[in-house]
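When we follow our numbering, the leftmost residue of the sequence shown carries the number 13, and every step to the right adds one.
Working notes, beginning with the structure itself.
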Amino acid sequence: QVQLVESGGGLVQPGGSLRLSCRASGFTFSNYAMSWYRQAPGKVRELVAGITTAGMSTNYADSVKGRFTISRDNAKNTVYLQMNSLKPEDTAVYYCNAQRTVGFWGQGTQVTVSS
Numbered sequence: 013q014v015q016l017v018e019s020g021g022g023l024v025q026p027g028g029s030l031r032l033s034c035r036a037s038g039f040t041f042s043n044y045a046m047s048w049y050r051q052a053p054g055k056v057r058e059l060v061a062g063i064t065t066a067g068m069s070t071n072y073a074d075s076v077k078g079r080f081t082i083s084r085d086n087a088k089n090t091v092y093l094q095m096n097s098l099k100p101e102d103t104a105v106y107y108c109n110a111q112r113t114v115g116f117w118g119q120g121t122q123v124t125v126s127s
């Protein structure tokens, strides 16, 4: 069955870094655009970053530009989110999304930025 499994979240101090991973199975990963979303308590889920099927094009929310980098390895069926210079406002549950004509979601991984 289709699975998206996120990992790499945790507690980090402001200014620190984390690398999230999302491993996919059960579908042809290379045919799907991939994205990372996040949802903070009491807020709507928002798009953080996206990457096209072959990784040739990426897009970012203004709030993370210059700090976050999305990448993918189609041989490993995995998409990554490198997060640098983390701020307390980056605290959220981060979700992996696969999108083509239908979409799939992971279960999320918690990122907490706090001193």
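Every residue gets a Cβ at the ideal spot worked out from N, C-alpha and C, and that includes glycine.
Ignore the nearest five residues each way along the sequence and tell me which others in residue i's own chain have a CB closer than 7 angstroms to its CB.
| i | result |
| --- | --- |
| Asn43 | Thr65, Arg112 |
| Gly38 | Gln13, Val14, Gln15 |
| Ser127 | Gln25, Pro26 |
| Asn86 | Phe41, Ser42 |
Classify residue i as buried or exposed, calling it buried when 16 or more other Cβ atoms lie within 10 Å of its own Cβ.
| i | result |
| --- | --- |
| Leu16 | buried |
| Asn71 | exposed |
| Val60 | buried |
| Gly78 | exposed |
| Glu18 | buried |
| Leu30 | buried |
| Val125 | buried |
| Val76 | buried |
In chain order, what residues of the same chain have a beta carbon less than 6 angstroms from the beta carbon of residue i, not counting five sequence neighbours either side?
| i | result |
| --- | --- |
| Asn96 | Ser29, Arg79 |
Is it true that the CB of residue j sits closer than 9 angstroms to the CB of residue i?
| i | j | result |
| --- | --- | --- |
| Gln122 | Gly22 | yes |
| Ser47 | Gly62 | yes |
| Gln94 | Thr103 | no |
| Arg50 | Val105 | yes |
For residue i, collect the residues of the same chain with a Cβ closer than 8 angstroms to its Cβ; drop the 5 residues on either side in sequence, then sort them by chain order.
| i | result |
| --- | --- |
| Glu58 | Tyr49, Arg50, Gln51, Ala73 |
| Ala45 | Gly62, Ile63, Thr64, Thr65, Ala110, Gln111, Arg112 |
Unbroken stretches of the beta strand (DSSP E), 3 residues or longer, contained in the segment 48 to 85: 58 to 63, 70 to 72, 80 to 85
With a cut-off of 8 angstroms, do at least 3 Cβ pairs link the segment 78 to 92 to the segment 114 to 121? no
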